[in-house]
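Visitor:
There are 2 protein chains.
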Amino acid sequence: MKRYEIFITAKEGIFDPAGETSKNALLNLGYDGVEGVRIGKFVELDVDDTVTPAQVGEMCEKLLANPVIEDFEIKA
Amino acid sequence: MKRYEIFITAKEGIFDPAGETSKNALLNLGYDGVEGVRIGKFVELDVDDTVTPAQVGEMCEKLLANPVIEDFEIKA
Numbered sequence: 001m002k003r004y005e006i007f008i009t010a011k012e013g014i015f016d017p018a019g020e021t022s023k024n025a026l027l028n029l030g031y032d033g034v035e036g037v038r039i040g041k042f043v044e045l046d047v048d049d050t051v052t053p054a055q056v057g058e059m060c061e062k063l064l065a066n067p068v069i070e071d072f073e074i075k076a
Numbered sequence: 101m102k103r104y105e106i107f108i109t110a111k112e113g114i115f116d117p118a119g120e121t122s123k124n125a126l127l128n129l130g131y132d133g134v135e136g137v138r139i140g141k142f143v144e145l146d147v148d149d150t151v152t153p154a155q156v157g158e159m160c161e162k163l164l165a166n167p168v169i170e171d172f173e174i175k176a
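As structure tokens, then:
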């Protein structure tokens, strides 16, 4: 078994409403030093030995991320 | 400016419907080697120098994560 960690984030310039709302909420709670919050996805993918790293990239492109508006990074 | 990376995942034993659905979808796409998918959140938090690491922990406890059902890990 092999675990991949995949980080999916909104591309630069894509509005991130959840992050913006969280930032405002933190400022309202009194955390005046908060400058920015971006919220993405963190995927833990467990696969067997037949799955290649290239296939993991395919899975991100096809299903896990939306390449139009999201970037992803894969760590083995 | 300092950036913290925060990883929020469902606690062991907490059902993760998004992960389960993604796993089934990947199996249906023919990726037979997929054994498990867990989907959590990846938060990029930018703060100024007045914010302490302890305060970042507080932000997670109070707002960013739900400590009843989620674990979080903070990387500076």
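Protein sequences appear in the order of chains A and B.
Position one of the first sequence corresponds to residue 1 (my numbering), numbered consecutively onward.
Position one of the second sequence corresponds to residue 101 (my numbering), numbered consecutively onward.
Using N, Cα and C, we set each Cβ at its ideal position, and we do this for glycine too.
Counting only Cβ-Cβ distances shorter than 8 Å, please list the residues of the segment 121 to 133 of chain B near chain A, keeping chain order.
Guide: S122, A125, L126, L129, Y131, D132, G133
Visitor: So does the segment 139 to 150 of chain B actually touch the segment 106 to 115 of chain B, counting three or more Cβ pairs closer than 8 Å?
Guide: Of all C-beta pairs linking the segment 139 to 150 of chain B to the segment 106 to 115 of chain B, three or more are shorter than 8 Å, placing the two stretches in contact.
Visitor: Could you check the C-alpha separation between D146(B) and E20(A) for me, to the nearest Å?
Guide: 12 Å
Visitor: Would R38(A) and D71(A) be called neighbours here (beta carbons separated by less than 8 Å)?
Guide: For the pair R38(A) and D71(A), the CB atoms are not nearer than the 8 Å cut-off.
Visitor: For I69(A), would you say it is in contact with chain B, using Cβ-to-Cβ distances shorter than 8 Å as the test?
Guide: It does not: the Cβ of I69(A) has no partner Cβ on chain B nearer than 8 Å.
Visitor: What ranges does the beta strand (DSSP E) occupy inside the segment 3 to 71 of chain A, keeping only unbroken runs of at least 3 residues that lie completely in it?
Guide: 34 to 47
Visitor: Using only CA atoms, which one of V56(A), V34(A), L26(A), L63(A) lies nearest to D149(B)?
Guide: V34(A)
Visitor: Within the 8 Å Cβ cut-off, does I139(B) reach chain A?
Guide: yes
Visitor: With a threshold of 16 other CB atoms inside 10 Å of the CB of A76(B), please say whether the residue is buried or exposed.
Guide: Here chain B has residues from 101 to 176 only, and residue 76(B) is not among them.
Visitor: With distances taken Cα to Cα, identify the nearest neighbour of I14(A) among V56(A), N66(A), T52(A).
Guide: N66(A)
Visitor: From T152(B) to D32(A), what does the alpha carbon distance come to, in whole angstroms?
Guide: 12 Å
Visitor: Taking 8 Å as the threshold (beta carbon to beta carbon), is K11(A) in contact with chain B?
Guide: no
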